[in-house]
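Under my numbering, the sequence shown has 345 at position 190, and the numbering climbs by one with no breaks. Glycine included, C-beta positions come from ideal geometry on N, C-alpha and C. In this text the structure is predicted, and so the values were computed from the model without any measurement.
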Amino acid sequence: MKRSVLLLSLLLCVFLAQAQFFQGFGLMGGLTLGRQKWWIDQPDGSESITRTRRLLRFNAEVFAEFVNHPNFRWRTELQYNQKGSQEKSDAGKFRNRLDYICWNNFLIIRQEDFLGTPYFLIGPRVEYKLTQATESPALSGIGFKPLHFTWSAGLGWEFVTYGALKPVVEVHYNPVINRSADQAPVAVKNRAWEFRLGFKMVFNTTGCPPVYK
């Protein structure tokens, strides 16, 4: 009997510790506004720089949040992200599309308020290239890296609701540290803005927002 009570108490402690650590999960989706910067080696030995036009595509995310702290959280997320750019020249209009599966990890700095919870996100990303469709003649034969490391920073807002389901909205800026493609005579860096909308299921909610008099 004592062993059963001890085992039950231990399981209860583990469950409570996990509940304190795990804060919720959610889904998001939205638009990705991408562009690229090219470095092209010229025959005379010089290097030209081209900044391409923006291309509007899509993204989708599933995420989980951890750490029970009023101002700090850790988020890990799996993302499908469509990047790219477009080029317009005398030869025509070309679209360059790159689809990635990403593993993102963010430090979240947040401040709860009765109107909602604003927060700031920053952290690293690992991107795995799914598909590449580059139409621009300058990128002909250029292969983008299959595995890429980058980072991003963003701002978000979590809305106040009476239940555990919280609407969220975010904007991210995703530049790169290393070049996304580096194959002579062309090197490329992807840059993108992400606009996201979604919902988060929160487990430590008290059921209703605070009332201020």
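- For the pair I256 and V222, the Cα-to-Cα distance works out to about 25 Å.
- DSSP places H224 outside any beta strand (DSSP E), giving it a letter other than H or E.
- M356 and F180 have their C-alpha atoms roughly 5 Å apart.
- Ranking F249, Q338 and G247 by CA distance to the CA of I297 puts Q338 first.
- DSSP, reduced to helix, strand and coil, places F299 outside both helices and strands of the structure shown, so it counts as coil.
- Per DSSP, the continuous beta strand (DSSP E) segment holding G278 begins and ends at G271 to T289.
- Counting other Cβ atoms within 10 Å of its Cβ, Y274 reaches 16 or more and is therefore classed as buried.
- DSSP, read as helix, strand or coil, puts A319 in coil.
- The DSSP-derived three-state label of F358 is coil.
- CA-CA distance, Q234 to A246, rounds to 35 Å.
- Contact annotation, F350 with G185: C-beta distance approximately 5 Å; criterion of less than 8 Å satisfied.
- Residue pairing by DSSP places F261 opposite R230 in a beta bridge.
- In this structure, G309 lies away from E290, with their beta-carbon atoms at least 8 Å apart.
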